[in-house]
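A.B. asks: Reading the sequence shown from the start, the letters are residues 10 to 306 in the working numbering. Backbone N, C-alpha and C define an ideal beta-carbon position, used for all residues, glycine too. For reference, the structure I am asking about is given below.
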Amino acid sequence: MQYTTIDHATTLICLAGQGAWLSKADITSAFKVLHIHPDYSHLFCALWKGAYYFAVRLIFGCKSSPKSFESLSEALCWILTNIHKLPFVIHLLDDFLTITPPSSPPAHGLTTITTAFREHGVPLATKKTVGPSTFLEFLGINLNSVSLLASLPPEKIHRLSLLISNFLLAPSCTKKQLFSMLGPISFAIRIIPQGQSFLSHLLSIAASVASLHDHVSLDGACKMELKLWHQFLSSWNSISFFYDDHITKPDDIQLLNRRSSSGQKRPSVDIINKGCWPPFPKTPSSAASLPAHSHRI
């Protein structure tokens, strides 16, 4: 079973167009919306003080509950898309996000999902129903359809920075404690995927022990990765622009280079590579101060 990611939401926003209308709805009590079939009642019973108690609705903590509820969510998405003709609908279990083009009525998505769920007896949490808007939070990340950017809420960044600061002072920790820090960092990587490369050593350290209660040493390499994240979060504005999934063919781009200090642009070419050569070093000492790529021609 695959869950919706924030990348799915940003892709659909780009398809709907800049300034798309966003609306969010949440099913009340989630799993308890579904009834348990009588044939399976013996699997959901408990004996307490001489009496048997049976669960009549889907319960939290059951391994099969997410899959069963996902079937309901998928059916609701199909109804919204094919019966009510909503252009873009995604969900993560009980959280639903509708995306409609900026040219459509702002409340079209929210009105449609509210009406459809009422018709099928699916209750919605009033306090968690948000929209229509061009800016809202989905899966813990703020989405802006006008600026086409995603951002982390400030409180999440502050909490993560404080957590990393505590680990920088600790010589060791348990595997469970390390996972408690890697979880929030992995959450931040949802909008900064380049950061995945700076978790490799921490992940290898976590995999070096079997039990969650075993201790791992936070060596110099771990501290370097933690310091990098701490410095990054202290200066990062928490904003990431949506990635463009369009793949440009090599034939669509022509880069022209000349050996002189400027480039040449042909009338049919929209991209030009133009710039001046950096000063070439005259002495070995000055050469050492320049980046290595300055000497490559």
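For Ile108, report the span of its beta strand (DSSP E) as first-last.
C.D. replies: Looking at the DSSP string, the run of the beta strand (DSSP E) that includes Ile108 is Asp104 to Thr109.
A.B. asks: So does the stretch 150-161 actually touch the stretch 190-209, counting three or more Cβ pairs closer than 8 Å?
C.D. replies: As far as the Cβ criterion goes, the stretch 150-161 touches the stretch 190-209, which means the pair count is three or higher.
A.B. asks: Ignore the nearest five residues each way along the sequence and tell me which others in Phe53's own chain have a CB closer than 7 Å to its CB.
C.D. replies: Excluding positions up to five away in sequence, the list reads Ile45, Phe63, Ala64 and Ile68.
A.B. asks: Of the residues Gly140, Met233, Leu227 and Ser243, which one's Cα is nearest the Cα of Leu171?
C.D. replies: If we check each option's Cα against that of Leu171, Ser243 comes out closest.
A.B. asks: What first and last residue would you give for the beta strand (DSSP E) that runs through Lys33?
C.D. replies: Run containing Lys33: Trp30 to Asp35, per the beta strand (DSSP E) assignment.
A.B. asks: Going by DSSP, which residues form a beta bridge with His44?
C.D. replies: BP columns for His44 point to Arg66.
A.B. asks: Leaving aside the five residues before and after Ser195 along the sequence, list all residues of the same chain whose C-beta is less than 8 Å from its C-beta, in chain order.
C.D. replies: So the qualifying residues of the chain are Leu208.
A.B. asks: At 3 residues or longer, and completely inside the stretch 179-204: list those beta strand (DSSP E) runs for me, N to C.
C.D. replies: Listed in chain order, the complete beta strand (DSSP E) runs (minimum 3 residues) inside the stretch 179-204 are 181-183.
A.B. asks: Hey, how far is the Cα of Gln27 from the Cα of Arg168?
C.D. replies: Between Gln27 and Arg168, the C-alpha separation is close to 31 Å.
A.B. asks: Would you call Ser277 buried or exposed, if buried means 16 or more other Cβ atoms sit within 10 Å of its Cβ?
C.D. replies: For Ser277, the predicted model reports a pLDDT of 46, less than 50, meaning its position is unreliable and no value from the coordinates is stated.
A.B. asks: Apply the 10 Å Cβ neighbour rule to Ile214 and answer buried if 16 or more other Cβ atoms are within range, or exposed otherwise.
C.D. replies: So Ile214 ends up on the buried side.
A.B. asks: From Lys76 to Phe126, what does the alpha carbon distance come to, in whole angstroms?
C.D. replies: Approximately 20 Å, taken between the alpha carbons.
A.B. asks: Report the residue from Ile122, Leu102 and Phe144 whose alpha carbon sits nearest the alpha carbon of Thr135.
C.D. replies: For Thr135, the nearest C-alpha among the options comes from Ile122.
A.B. asks: Would you tell me roughly how many angstroms separate the C-alpha atoms of Gly70 and Pro110, rounded to the nearest one?
C.D. replies: Their backbone Cα atoms lie some 38 Å apart in a straight line.
A.B. asks: Quick one, which of Cys86, His129 and Ser249 has its alpha-carbon nearest Leu43's?
C.D. replies: If we check each option's Cα against that of Leu43, His129 comes out closest.
A.B. asks: Taking the C-alpha atoms as reference points, what is the distance between Pro141 and Leu221?
C.D. replies: C-alpha separation (whole angstroms): 44 Å.
A.B. asks: Name the DSSP bridge partner or partners of Ile99?
C.D. replies: In the DSSP output, where bridge partners are listed per residue, Ile99 has Leu106.
A.B. asks: Counting C-beta neighbours from all protein chains within 10 Å, is the total for Val98 16 or more, i.e. buried, or is it exposed?
C.D. replies: Under this definition Val98 is a buried residue.
A.B. asks: Look at the alpha carbon of Val225 and the alpha carbon of Gln203, and state the distance between them as a whole number of angstroms.
C.D. replies: Using only the alpha carbons, I get a separation of about 26 Å.
A.B. asks: Where does Cys23 fall in DSSP's three states?
C.D. replies: Helix.
A.B. asks: DSSP beta-bridge partners for Leu145?
C.D. replies: Leu152.
A.B. asks: Can you tell me where the alpha helix (DSSP H) holding Ser226 begins and where it ends?
C.D. replies: Looking at the DSSP string, Ser226 is not in any alpha helix (DSSP H); the run it does join, the beta strand (DSSP E), is His224 to Ser226.
A.B. asks: Within the continuous beta strand (DSSP E) that includes Phe207, where are the two ends?
C.D. replies: Counting along the chain, Phe207 falls outside any beta strand (DSSP E), and DSSP gives it neither H nor E.
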